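Chemist: Protein chains in written order, with numbering that gives the first Met the number 0: chain R, 0 to 366; chain Z, 0 to 366; chain E, 0 to 366; chain B, 0 to 366. Idealized CB from N, CA, C, for every residue including glycine. As the structure is a computational prediction, the values presented were derived from the model and not from experiment. There's a structure below that I have some questions on.
There are 4 protein chains.
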Amino acid sequence: MSMNTFGHLFRVTTWGESHGPALGATVDGVPPGIEINEEMLQHWLDLRKPGQNKYTTQRREPDAVRILSGVFDGKTTGTSVQLMIENTDQRSKDYSEIAQKFRPGHADITYYQKYGLRDYRGGGRSSARETAARVAAGGIARAALDQLLPGLKITGYMVQMGHRKADPTAYDLSEVANNPFWCPDAATANAWADDLDALRKSGNSVGAVIEVTAQGAPAGLGAPIYGKLDTDLAAAMMSINAVKAVEIGEGMAAACLTGTENADEITMGPDGPIYSSNHAGGILGGISTGQDIVVRFAVKPTSSILKSRKTITLDGENTEIITKGRHDPCVGIRAVPVGEAMMACVLLDHYLLHRGQVGGAGGTLAT
Amino acid sequence: MSMNTFGHLFRVTTWGESHGPALGATVDGVPPGIEINEEMLQHWLDLRKPGQNKYTTQRREPDAVRILSGVFDGKTTGTSVQLMIENTDQRSKDYSEIAQKFRPGHADITYYQKYGLRDYRGGGRSSARETAARVAAGGIARAALDQLLPGLKITGYMVQMGHRKADPTAYDLSEVANNPFWCPDAATANAWADDLDALRKSGNSVGAVIEVTAQGAPAGLGAPIYGKLDTDLAAAMMSINAVKAVEIGEGMAAACLTGTENADEITMGPDGPIYSSNHAGGILGGISTGQDIVVRFAVKPTSSILKSRKTITLDGENTEIITKGRHDPCVGIRAVPVGEAMMACVLLDHYLLHRGQVGGAGGTLAT
Amino acid sequence: MSMNTFGHLFRVTTWGESHGPALGATVDGVPPGIEINEEMLQHWLDLRKPGQNKYTTQRREPDAVRILSGVFDGKTTGTSVQLMIENTDQRSKDYSEIAQKFRPGHADITYYQKYGLRDYRGGGRSSARETAARVAAGGIARAALDQLLPGLKITGYMVQMGHRKADPTAYDLSEVANNPFWCPDAATANAWADDLDALRKSGNSVGAVIEVTAQGAPAGLGAPIYGKLDTDLAAAMMSINAVKAVEIGEGMAAACLTGTENADEITMGPDGPIYSSNHAGGILGGISTGQDIVVRFAVKPTSSILKSRKTITLDGENTEIITKGRHDPCVGIRAVPVGEAMMACVLLDHYLLHRGQVGGAGGTLAT
Amino acid sequence: MSMNTFGHLFRVTTWGESHGPALGATVDGVPPGIEINEEMLQHWLDLRKPGQNKYTTQRREPDAVRILSGVFDGKTTGTSVQLMIENTDQRSKDYSEIAQKFRPGHADITYYQKYGLRDYRGGGRSSARETAARVAAGGIARAALDQLLPGLKITGYMVQMGHRKADPTAYDLSEVANNPFWCPDAATANAWADDLDALRKSGNSVGAVIEVTAQGAPAGLGAPIYGKLDTDLAAAMMSINAVKAVEIGEGMAAACLTGTENADEITMGPDGPIYSSNHAGGILGGISTGQDIVVRFAVKPTSSILKSRKTITLDGENTEIITKGRHDPCVGIRAVPVGEAMMACVLLDHYLLHRGQVGGAGGTLAT
């Protein structure tokens, strides 16, 4: 995990800028013999694609992914897979002002401070467009997981937008695909629609919380001490643009619990251990328990807003900026498929790591 | 970052179990010429040491660190530094019951499910005792940072225990060392003392939130995309025992903000950019801004409690367990020096990475 | 250094097959502000390009490299650089027979044994075409080195073909570009021309030895113990297709020397230490001395020959094969620019590593 | 593979100086359930131990290895194993002169030039004593291989000392343990004894060539492109002190062969492919063929000799030095067990990597 690479054995290296000729991912360590084609990956990219409804940016990218290597006769060969998405809707002229001014909340100023220069077109490398490459790579991870861990199911959904939270007692995962917010609670989705209409008209934006769960993961994934499953999930989610927090299971609320409340009691079921609850989010000591793996992350509001904000120029002069252009009022919406992709990458990586170190062995309680 | 190793250039590999002969850290990539001695490292270990007051476990370990390599004539040589802490207060007999039963909330069951066997003495490798090695390694990082970034100051403190939060308007960092909770708010510290007395008597435990800040860090630390400073901080903190969530700046609360509220406006000051606020926690696009770096993490309540909990045996039989022994009612207290150590390791690592890739160059706004 | 990635801080990940749509390299850790353009990289690729004379394969690839990311306004931005070379002269039909038969000396059988399937078109991932990506990446390394270590000069040349060696007393590096063999000794080059004409007509091939030197490298590059400069050079060169041995300085001949013969004596010169000889090849204890760095590697004869060889089919039946097609009679010739590229990558990587760990410090004798 | 760490999944990090309190290895990624005890590791260390006969240094170290972590009830637990060897025979006073003078052929000057300071006691970190830690770690790798690949047999032996080579037609591996040179040819061993007696009396030293073979390794170990089995073997052997060259199979002699001579023809045998010869040294395209894996490396003559050599002081003054003390006239002898250990580490690492990526799958020809 260094610079532009994520993962241990299943390793994803992404490249590309928002407004360069293309972006993509180099995916290494892919198990051989996995059925992959561009349509399968395109499916996931289309879910992330902007411009699908009025709540996401109107920038229209076909985001068509091409497989340039590592797949032969429809199957992975075990060698590095190159995924490329060409940038077709670049409109560089939209971004002329930001060449001279730093947009508050963006990485413009830090890239400049670090490197002494930056690609100012649409955020360059720091653009959320990089996440398209993750979603494509995640598609490969999902295909491998489908074959290696057939019962596994990864689902992401939005559980909070601004101050309004979805109602956990009303979660219905079959509802997630029915609304533009990936919300598991139809009533909240409707309320969010109204909230977001108002925000968009006012030129403002808002934050969100995404939850991603993995059902059907086996016990035993993860490794002490710095390759813990939750450690890698935290890194995976925190590396997504605009994410400011990551929670596992109870998350921050674990601080409020007592030991008796928090301990998930164990009894023996017909197929292995059963837990009275899942405060742990499916992970103990960095290793999966076989329960649902539950991760949440908070996405800050889109920093590009149609409100004037104070900033400085390249020359250090005080000025103001309004970030015109086509921006999502709640960038968290489009983070849902990205979070799913990162979950898939982490789980596949840890499955391979486990298989490498431990092989088919393991405790007799393993489910 | 794989298995028992943390970091890119400044790399810490820890080893050792709770009740084996010793534990320690192998520290690689240390800059040469840094003044280090055992007393300097012992200072940090003593802060973490249990048994110092009634709120931490009465297990009495001297936790004396020895430097076995990499230091000559009082200075680091640039080669790998080995730090060893011998375990002297082992009392293995205290742990005989847990050889047969899995303690709920502990990693007993997952280690067993993963590896098919486990060192059951005091949690073995999953014990929080491993964090002593991190604190020792963090002492080296701090010494290097003192020399390389003399203005940098890292401070950790507890801001929440159970439902009771310290009052941010009353934070006084000079107060942190004056109470057994590392609390920056004396009034809250007193209230926590009462809370914890009651909990301890009842044999229960409680969670906590720790905040760690770094003041005086330069702009430009961190690297896109998967080696972001916040990504590595999230991994660092999540890898600490019992941590369930990590926040940067606003953290989960970023979800509630609008774009206008969240954007830290920029103006030009005499020595570089000045920000109107620090919702970002000092990091934009994964790179430090020069503001305070602010990280928080939640620690779950100690899972070892004097309350009977349902569990199963190695043979899959239902049973109950009371985890006797000497346990902290709020393990979060002792996590404070650990969080500081991890912050130090991450900042030094990113300083070296930056110096490696960029050298002395950088934007003219860099402070 | 794992799977398809080479390097520590300056990291090159290559991808692509011989007869897929494209191949390339993802280059991470590039210092910012380095002037790069496609012409600069094309220069090095053209040197490696096949079909330039009768001694290299007549496959005609333009091998045009495109920069897809990481460069803006003609300078590197510090983010990952993607280099892509499209395959235009694929002629897949040439390779139909080898789908069913394993070519002796090739990786056909081992890829199949490892992965259970393989891309049989022209060797797929195991083709020497992969080295085009290395040469392109090496072009970036060279540009960075030109800026960071302006006195450094990397030169590769062929010193042996079959049993005929170039005469070291006649080496003239200015001669290297004057003959199709990169030979520093014009007389030997003429003899090789005759040797190779005969071999080519007979449908056979022959091995070679390449030497690569770096003049003007500073003292202090390299790191104990497993990141030694010679360790990384050995890995770099051995990873090139068909290489079977790597030597540093005296190489295998060091076995024949006595201690008095081997020790390069040291005296003080006007600008630093001067050595009486360079048996060490410029590296002591894994760290550069400031002398010329000297590496040699042996390349086996091209395995694709127009002679019938015994082999087996996918089904395990005995058969014979003649590898028709356009093949180099001495693949070692085209390995020269590849060896130079690997030297450049290793030196830049170690320069950045050194700068990261040690900064501008170092011993007073450093030159 | 960075700095003091070697390996991908099975990772060995060594630490310690020649004359510090101790040295050792932190071994990560060990499969769980492997039977290990100190006696098993001591067996291998005793083979390497100095002072066993008149041909190796008379420094007498018991080299007693302790296991400090990662093993419980006689089996590995899957967590990091710490191996420690205390230095008991330090005699630092022997080394007072070299604090001020650089020994030609040693790393004294390069460590100083790199780091600006050095541990001058007995070479510090650059001492061949570091290899004791490798041998101990190799003992763990061997134990794991015994369990995972029961038919595998690793044997190292010396095949050349000075100009005198063992006779390949007379190799008898059962002879290796019968002479102090690990020579597979008894007649040559006798001649070497005379050679070395003369050299030792004259205060000189000599180089050597070691060959290490692995019989019974399965096909399919290794990975393209930069994690090739031969790439990692080259790095492993080149990282050993005083090694100047590494050969696989034909090695440098491959340059002299024609394609027809070099191609190992394939026919189908009862249990898988059979090869007419093994010029490849058991590796094609970086992946094992199932034939014997054959590696050779050249060790330069001991640089510490009782002959006066020109050198400079720390202050840059010209002087001379005679390296008194207890030194091996042919350090290559003691490199034999080290080469075996590195072979074991590389093979285990690649076995785990293969199992991780590919699992139990593989081509039908796999043996």
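#1: Give, in chain order, every unbroken run of the beta strand (DSSP E) that is at least 3 residues long and sits entirely within the region 234-278 of chain B.
#2: Just to confirm, does Asp45 (chain E) get its C-beta within under 8 angstroms of one of the non-hydrogen atoms of the ligand GTP?
#3: Could you round the C-beta distance between Ile304 (chain Z) and Leu228 (chain Z) to whole angstroms and report it? I think they count as a contact, below 8 angstroms.
#4: Are the C-beta of Asp193 (chain R) and some C-beta of chain Z separated by less than 9 angstroms?
#5: Roughly how far, in whole angstroms, is the beta-carbon of Met369 (chain R) from the beta-carbon of Arg133 (chain R), given that I think they are within contact range, below 8 angstroms?
#6: Indicate whether at least one CB of chain R lies closer than 9 angstroms to the CB of Tyr225 (chain E).
#7: For Arg308 (chain B), which residues does DSSP report across the bridge?
#8: Ignoring anything shorter than 4 residues or poking outside the region 91-142 of chain E, list the alpha helix (DSSP H) runs there in chain order.
#9: Check whether chain Z comes within 9 angstroms of Leu198 (chain R), counting only Cβ atoms and requiring the distance to be less than that.
#10: For chain B, is any of its Cβ atoms less than 9 angstroms away from the one on Val134 (chain Z)?
#11: Between which residues of its own chain and Ile332 (chain B) is the CB-CB distance below 8 angstroms, once the five residues before and five after are set aside?
#12: Under three-state DSSP, which class holds Ala207 (chain R)?
#13: For Ala21 (chain Z), decide whether its Cβ has a neighbour in chain B, counting only Cβ atoms nearer than 9 angstroms.
#14: Between the beta-carbon of Ser126 (chain R) and the beta-carbon of Asn240 (chain R), is there less than 9 angstroms?
#15: Note the first and the last residue of the continuous beta strand (DSSP E) segment covering Val11 (chain B).
#16: Between the alpha carbons of Val293 (chain R) and Ala216 (chain R), how many angstroms are there, rounded?
#17: Pull up the CB-CB distance for Ala165 (chain E) and Asp184 (chain E), whole angstroms please, since I reckon it's below 8 angstroms.
#18: Does Trp43 (chain Z) get closer than 9 angstroms to chain B when you measure Cβ to Cβ?
#19: When the cut-off is 9 angstroms and only beta carbons count, does Val357 (chain E) lie next to chain Z?
#20: Around the C-beta of Gln146 (chain E), are 16 or more other C-beta atoms found within 10 angstroms, so that it is buried, or is it exposed?
#21: For the beta strand (DSSP E) containing Val357 (chain B), name the first residue and the last one.
#22: In angstroms with no decimal places, state the Cα-to-Cα distance between Trp14 (chain E) and Met2 (chain E).
#23: So which residues of chain B does Phe71 (chain Z) contact, with C-beta pairs closer than 9 angstroms?
#24: If you draw a straight line from the C-alpha of Ile33 (chain Z) to the C-alpha of Gly359 (chain E), how long is it?
#25: With a Cβ-Cβ cutoff of 9 angstroms, do Leu44 (chain E) and Ala131 (chain E) count as a contact?
#26: If the criterion is Cβ atoms closer than 9 angstroms, does the pair Gln290 (chain Z) and Gly284 (chain Z) meet it?
#27: Would you tell me roughly how many angstroms separate the C-alpha atoms of Met236 (chain E) and Ile66 (chain B), rounded to the nearest one?
#28: Tell me, please, whether the region 93-112 of chain Z touches the region 104-122 of chain B by the rule of three or more beta-carbon pairs shorter than 8 angstroms.
#29: Can you tell me whether Gln146 (chain B) is helix, strand or coil according to DSSP?
#30: Which bits of chain B does Thr25 (chain R) rub up against, with CB to CB less than 9 angstroms?
#31: Could you check the C-alpha separation between Asn277 (chain E) and Gly250 (chain E) for me, to the nearest Å?
#32: Taking three-plus beta-carbon pairs below 8 angstroms as touching, is the region 20-28 of chain B in contact with the region 64-84 of chain B?
#33: On the three-state DSSP scale, how would you describe Val29 (chain B)?
#34: Taking only beta-carbon atoms, is Pro103 (chain B) less than 9 angstroms away from chain Z?
#35: For Asp348 (chain B), does the count of other Cβ atoms within 10 angstroms reach 16, so buried, or fall short, so exposed?
Modeler: Taking the geometry as given:
#1: List check, beta strand (DSSP E) in window: 242-247, 265-268, 271-274.
#2: The model on display carries no ligand, and the ligand GTP is accordingly not part of it.
#3: So it is not a contact: roughly 36 angstroms between Cβ atoms.
#4: no
#5: Residue 369 (chain R) lies beyond the stretch modelled for chain R, which goes from 0 to 366, so this question has no answer here.
#6: no
#7: DSSP, once it has assigned bridges, lists B:Ile320 as partnering Arg308 (chain B).
#8: 107-114
#9: At least one CB atom of chain Z sits nearer than 9 angstroms to the CB of Leu198 (chain R).
#10: no
#11: Tyr54, Thr55, Met157, Pro179, Phe180, Trp181, Ala207
#12: strand
#13: Against chain B, the CB of Ala21 (chain Z) has a partner CB under 9 angstroms away; the residue lies at that interface.
#14: yes
#15: 10-15
#16: 11 angstroms
#17: 4 angstroms
#18: no
#19: Taking Cβ atoms only, chain Z reaches closer than 9 angstroms to Val357 (chain E), which makes this a yes.
#20: exposed
#21: Note, Val357 (chain B): premise wrong, no beta strand (DSSP E); alpha helix (DSSP H) at 331-357.
#22: 11 angstroms
#23: Within chain B, the residues Glu16, Gly19, Leu116, Arg117, Asp118, Tyr119, Arg120, Gly123 have their CB atoms less than 9 angstroms from the CB of Phe71 (chain Z), given in chain order.
#24: 14 angstroms
#25: yes
#26: no
#27: 37 angstroms
#28: No, they do not touch.
#29: Three-state result, Gln146 (chain B): helix.
#30: Within 9 angstroms Cβ-Cβ: nothing; Thr25 (chain R) doesn't reach chain B, min ~12 angstroms.
#31: Going by the C-alpha atoms only, they are around 12 angstroms apart.
#32: yes
#33: Per DSSP, reduced to three states, the secondary structure at Val29 (chain B) is coil, with no helix or strand assignment.
#34: no
#35: So Asp348 (chain B) ends up on the buried side.
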